[in-house]
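Novice:
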Amino acid sequence: MKSNMLRGLLLAAALSCPPAWAAQSQSLQGLVNIRFQNDVRLFTVMAALNAAGFDVESEGRTMSEVRLRVREELSGLDPELVGRLRQFYLEKLEGAAIDHPQTAYTSLALLLSGPPGFELASAEENLPADARHVAGFERLLPEFYRKAGVAKLWEKYRPAYERELLAYEPLLREIITETLEYFRVPARVVLDREIVLIPDLLDQKDIVNARNLERVYYIVAGPADDPRSNRRQLQHEYLHFLVDPLVRKFGLPLMDHEDLLDLAQRQPHIRSEYQNRYLLMVTESLIESLQTAIAGGSEQQRQRELVEDFRQGLILAPYFHRGLASYGRSEMVSLPTFMESLLAGVDPREVRRDEEQIAELEQQLLEADQASRAEAEQARGELQRRQRIGSLFRDATEALRAGQLESAEESLRALLELEPDHGGSWFYLGQIAVQRQQYPAALEAYRRSAEAPGAEAWVRAWSLLRMGRIRASRGEFEEARRLFESVRQLEGDLQGARQEAEESLALLEGRP
Numbered sequence: 000m001k002s003n004m005l006r007g008l009l010l011a012a013a014l015s016c017p018p019a020w021a022a023q024s025q026s027l028q029g030l031v032n033i034r035f036q037n038d039v040r041l042f043t044v045m046a047a048l049n050a051a052g053f054d055v056e057s058e059g060r061t062m063s064e065v066r067l068r069v070r071e072e073l074s075g076l077d078p079e080l081v082g083r084l085r086q087f088y089l090e091k092l093e094g095a096a097i098d099h100p101q102t103a104y105t106s107l108a109l110l111l112s113g114p115p116g117f118e119l120a121s122a123e124e125n126l127p128a129d130a131r132h133v134a135g136f137e138r139l140l141p142e143f144y145r146k147a148g149v150a151k152l153w154e155k156y157r158p159a160y161e162r163e164l165l166a167y168e169p170l171l172r173e174i175i176t177e178t179l180e181y182f183r184v185p186a187r188v189v190l191d192r193e194i195v196l197i198p199d200l201l202d203q204k205d206i207v208n209a210r211n212l213e214r215v216y217y218i219v220a221g222p223a224d225d226p227r228s229n230r231r232q233l234q235h236e237y238l239h240f241l242v243d244p245l246v247r248k249f250g251l252p253l254m255d256h257e258d259l260l261d262l263a264q265r266q267p268h269i270r271s272e273y274q275n276r277y278l279l280m281v282t283e284s285l286i287e288s289l290q291t292a293i294a295g296g297s298e299q300q301r302q303r304e305l306v307e308d309f310r311q312g313l314i315l316a317p318y319f320h321r322g323l324a325s326y327g328r329s330e331m332v333s334l335p336t337f338m339e340s341l342l343a344g345v346d347p348r349e350v351r352r353d354e355e356q357i358a359e360l361e362q363q364l365l366e367a368d369q370a371s372r373a374e375a376e377q378a379r380g381e382l383q384r385r386q387r388i389g390s391l392f393r394d395a396t397e398a399l400r401a402g403q404l405e406s407a408e409e410s411l412r413a414l415l416e417l418e419p420d421h422g423g424s425w426f427y428l429g430q431i432a433v434q435r436q437q438y439p440a441a442l443e444a445y446r447r448s449a450e451a452p453g454a455e456a457w458v459r460a461w462s463l464l465r466m467g468r469i470r471a472s473r474g475e476f477e478e479a480r481r482l483f484e485s486v487r488q489l490e491g492d493l494q495g496a497r498q499e500a501e502e503s504l505a506l507l508e509g510r511p
């Protein structure tokens with residue numbers, strides 16, 4: 000049965016592979032077993048799903064141009080057929096146990112023969128669980144393919160799919176180079192496995208679906224404004240390609256610790272796909288640890304990823320983090336060679352101690368986050384205060400220019416409630432008091448202005464100058480001279496106050 004399914008998959012792949020640009024990517028494909036492939040089966044399934052009512056899009060994103068156009072072209076489809084497609088889609092939504100129910104249809108598409116028959120390559124009971132959940136959808140596809148004119152639609156939009164694939168090539172080359180350098184192994188062709196990258200412009204943006212069928216690792220990449228937004232997911236799947244056979248080869252000792260799955264299942268955010276799947280939990284723990292090690296980054300970021308991985312059920316992540324740190328300090332061995340001892344060295348007691356350390360680390364990060372939020376909130380409050388001060392000061396100066404003394408004073412008094420030592424505000428209150436001939440009040444305002452911390456030199460100078468003139472007008476010549484001399488001693492741009500002070504001193508000559 001498996002050989003029949005594999006033959007069906009290989010035949011469908013051959014029918015779907017685009018010859019137009021294959022030569023351009025041959026160097027990368029031939030080097031590391033990656034095949035770039037457009038797939039009319041997937042196009043047909045996702046077009047039918049969109050016609051059925053699948054309108055989900057990633058938060059903050061808009062549908063791809065191709066998806067919008069295809070949906071528009073399908074708007075005139077036979078209503079009776081649309082009704083049957085919609086009924087099937089909605090019924091299966093109720094039983095979906097995954098965050099992205101459309102991924103089940105991706106699995107189904109990869110198990111079908113090509114058009115126009117769209118027949119399953121395997122008996123329904125042998126399908127993966129997600130594909131089995133939506134089995135039966137394929138029976139609607141021949142009619143949909145015919146009535147929707149999918150053959151013409153595919154030829155119309157196929158160039159966009161080819162451009163999407165070409166956009167991914169530099170990113171994949173970068174991922175492969177970086178990953179193999181970390182593994183310390185050369186790029187080479189593997190005869191028993193391959194990776195197939197398929198674009199899906201009719202799905203939501205920035206989503207990558209991965210399916211492992213027989214020895215073929217399918218990576219189905221949804222539309223992306225920038226392929227780099229899918230970098231981590233693509234590297235994750237490439238690591239599966241490299242790591243899965245190593246876990247199968249060296250992972251036998253791990254089966255002695257299968258009871259660790261109980262610890263994984265106690266974690267608060269365990270992902271559904273890890274439940275009751277011990278080796279998958281082990282493999283995902285290793286791959287997430289590898290991605291963190293390859294990416295580098297800050298210690299705090301590493302700690303956050305460690306806590307997040309553990310709480311999602313990847314309880315071996317701390318162990319693998321420590322092991323990979325040891326690997327990184329040695330340059331004498333490749334990762335595939337190191338993997339044997341790494342997988343054999345798992346100690347359940349150590350893993351259970353990790354739970355306590357993760358709890359402590361989680362608390363430390365929580366406290367750090369709280370402190371950071373408090374600091375950010377304080378900074379936001381200070382920014383709002385400064386903005387309010389600036390606004391009130393502008394209102395006051397505009398009111399003064401318009402001769403609206405009461406309005407100006409009101410704004411200045413409100414400002415001083417926010418910043419009691421605001422020199423400019425006290426200076427202008429002194430000006431207002433002088434205009435009202437309230438000289439004691441003016442002297443106090445100018446004094447506060449001159450003594451205000453951080454007051455500009457010109458504000459301090461003119462405050463002292465005007466205090467001196469008020470003192471001189473009251474016959475307090477000695478105090479006036481002291482104030483004028485203080486102005487002369489100031490440095491910086493005094494905006495004419497020094498010259499005014501010197502002239503005022505000259506006028507006081509001969510005064511007692």
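Each step along the sequence shown adds one to the number in numbering that gives the first Met the number 0, with nothing skipped, and position 379 is 378.
Where is the CB? At the ideal position from N, CA and C, for every residue including glycine.
As the structure is a computational prediction, the values presented were derived from the model and not from experiment.
Roughly how many angstroms lie between the CA atoms of R303 and A358, to the nearest whole one?
Specialist: R303 and A358: Cα-Cα distance of roughly 12 Å.
Novice: Where DSSP assigns a beta bridge to Y216, which residues make up the other side?
Specialist: Paired residues: I194, N211.
Novice: With H, G and I counted as helix, E and B as strand and the rest as coil, what does DSSP make of L504?
Specialist: The answer is helix: DSSP assigns L504 an H, G or I state.
Novice: For S63, which residues in the same chain have their Cβ closer than 7 Å to its Cβ, ignoring the five residues on either side in sequence?
Specialist: Around S63: L200, K204, P222.
Novice: Between the Cα of D415 and the Cα atoms of R435, I388, E397, A496, which residue gives the shortest distance?
Specialist: As written in the sequence, residue 415 is Leu, which differs from the Asp given in the question. The residue with the shortest Cα to Cα distance from L415 is I388.
Novice: Give the secondary structure of L342 by DSSP, where H, G and I count as helix, E and B as strand, and everything else as coil.
Specialist: Of the three classes helix, strand and coil, the one that applies to L342 here is helix, per DSSP.
Novice: Return the chain-ordered list of same chain residues with a C-beta closer than 7 Å to the C-beta of L80, the five sequence neighbours on each side being excluded.
Specialist: Contacts found: E142, F143, K146.
Novice: Can you tell me which of the three DSSP states F87 falls into?
Specialist: Three-state DSSP puts F87 in a helix.
Novice: Locate the beta strand (DSSP E) running through F35, then write down its first and last residues.
Specialist: F35 -> beta strand (DSSP E) spans 33-35.
Novice: Determine the burial state of P100: buried for a count of at least 16 other Cβ atoms within 10 Å of its Cβ, exposed for fewer.
Specialist: The residue is buried, with at least 16 neighbouring Cβ atoms inside 10 Å.
Novice: When you compare each of Y217, E283, R247, F249 to A263 by their alpha carbons, which one comes out closest?
Specialist: Per the Cα distances, E283.
Novice: What do you get for P115, buried or exposed, if any count of 16 or more other CB atoms within 10 angstroms of its CB means buried?
Specialist: With fewer than 16 Cβ atoms within 10 Å of its Cβ, P115 is classed as exposed.
Novice: Would you report the Cα separation of D300 and E366, rounded to the nearest angstrom?
Specialist: Correcting the residue type first, residue 300 is Gln in the shown sequence and not Asp. Straight-line Cα distance between these residues: approximately 15 Å.
Novice: Determine the extent of the alpha helix (DSSP H) in which V184 is found, giving its start and end residues.
Specialist: First-last for V184: undefined, no H or E at that position.
Novice: Confirm, please, whether the CB-CB distance from D353 to P317 is below 8 Å.
Specialist: For P317 and D353, yes; Cβs fall inside 8 Å.
Novice: Closest to V306 by CA distance: which of L241, R70, E355, P127 is it?
Specialist: Selected option, being the one with the closest Cα: E355.
Novice: Rounded C-beta distance between A454 and G422? I'm assuming under 8 Å.
Specialist: About 3 Å; that satisfies the 8 Å criterion.
Novice: Tell me the rounded alpha-carbon separation between F249 and T336.
Specialist: So the two alpha carbons sit approximately 10 Å from each other.
Novice: Look at A451 and G491 and say whether their C-beta atoms are less than 8 Å apart.
Specialist: Not a contact, by the Cβ cut-off of 8 Å.
Novice: According to DSSP, simplified to helix, strand and coil, what is L518?
Specialist: No answer is possible for residue 518: the residues shown for the chain start at 0 and end at 511.
Novice: What is the rounded straight-line gap between the Cα of G59 and the Cα of A373?
Specialist: Between G59 and A373, the C-alpha separation is close to 27 Å.
Novice: Check the C-beta distance from L238 over to I286 and give it rounded, since I have them as a contact under 8 Å.
Specialist: That pair is a contact at about 5 Å.
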